[in-house]
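Worksheet for the structure shown next.
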Amino acid sequence: MLPKEWQTADSLMQLLKRHWVSDGYKNSKIEENFLKRAQNMLLNYCSERRDMGNIILCEEFLKQDINKNLILLGKIDKLYLNENGILEVLDYKAGYTALSKEEFENNIQLPIYALLTKYRFNKLPKVISYYYLVPNQKISIELTKTILENGIYNLKKVINEILSEKDFPYNSSNNCKNSCEYYNLCEAFNVKAN
């Protein structure tokens, strides 16, 4: 997490320049477009931040053994007390398209993060949010019992689908190492790579 004095547009631009990786782009024009997009995201973010408050954790994996065959794992972008003092789970998105209200309410990602928060801190967040950096738009909803139950139901459905598959295909490539935050956890890639 960056100290407050580094949370300025100039500082973020310096960090972007220092940590930018040119590998993986088909040509310099495509890379330049992605760099400009990243710069615009940071400038928009700094000009009107929608995620102020007291940070509890940032970019942290939370893990919970559910039973001997199931581990719940998620990397939470941000858990914090927002400006209203309400516990909120926030996930940053770099894409352009926000989920519809129905898609949001039936999504499993944030309810999983809410459950992991409950396991770790013995408290459910009251608000779950996606922060879309391209349009600098934050979409929040109150974490209701129904949303949590729908998330758990949909998660169980996905787990059952995965477990019922006899041959679960994976899609790994050498690009995984550079672009996937779950690369170190990916058994499929490690089996293929060995």
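Numbering (the UniProt record's numbering), first residue to last: 1 to 194. Glycine included, every Cβ here is placed at the ideal spot set by N, Cα and C.
With 16 other Cβ atoms within 10 Å as the buried cut-off, status of ASP10: exposed
Who are the near neighbours of LEU143 in its chain, counting only those whose CB is closer than 7 Å to its CB and skipping five residues on each side? ALA114, LEU124, PRO125, LYS126, VAL127 and ILE128
Validate contact between the region 101-111 and the region 61-73 using beta carbons, cut 8 Å, 3 pairs: no
What number of angstroms, rounded off, separates the C-alpha of TYR130 from the C-alpha of MET41? 15 Å
Take every Cβ of the region 33-40, pair it with every Cβ of the region 68-76, and state whether three or more of those distances are shorter than 8 Å. no
Beta carbon of ASN44 nearer than 8 Å to that of ASN136: It is a contact, given that the beta carbons lie within the stated cut-off.
Return the Cβ separation of LEU57 and TYR92 in integer angstroms, given the expectation that the two are a contact with Cβ distance under 8 Å. Not really, about 14 Å apart at Cβ, beyond 8 Å.
Taking DSSP as the reference, what is the three-state secondary structure of ASN84? coil
Alpha carbon to alpha carbon, how far is residue 209 from ILE86? There is simply no residue 209 to check, as the chain begins at 1 and stops at 194 in what is shown.
Would you kindly work out how many angstroms separate the C-alpha atoms of SER164 and LYS75, rounded to a whole number? 26 Å
Less than 8 Å separating the beta-carbons of THR117 and VAL158? When the beta-carbon positions are compared, THR117 and VAL158 stay at least 8 Å from each other.
Determine the DSSP secondary structure at TYR132, reduced to helix, strand or coil. strand
I'd like the span of the beta strand (DSSP E) that includes LYS63, first residue to last. Bounds of the beta strand (DSSP E) holding LYS63 are 53-67.
Sub-8 Å separation of ILE55 and LYS29 beta-carbons: no
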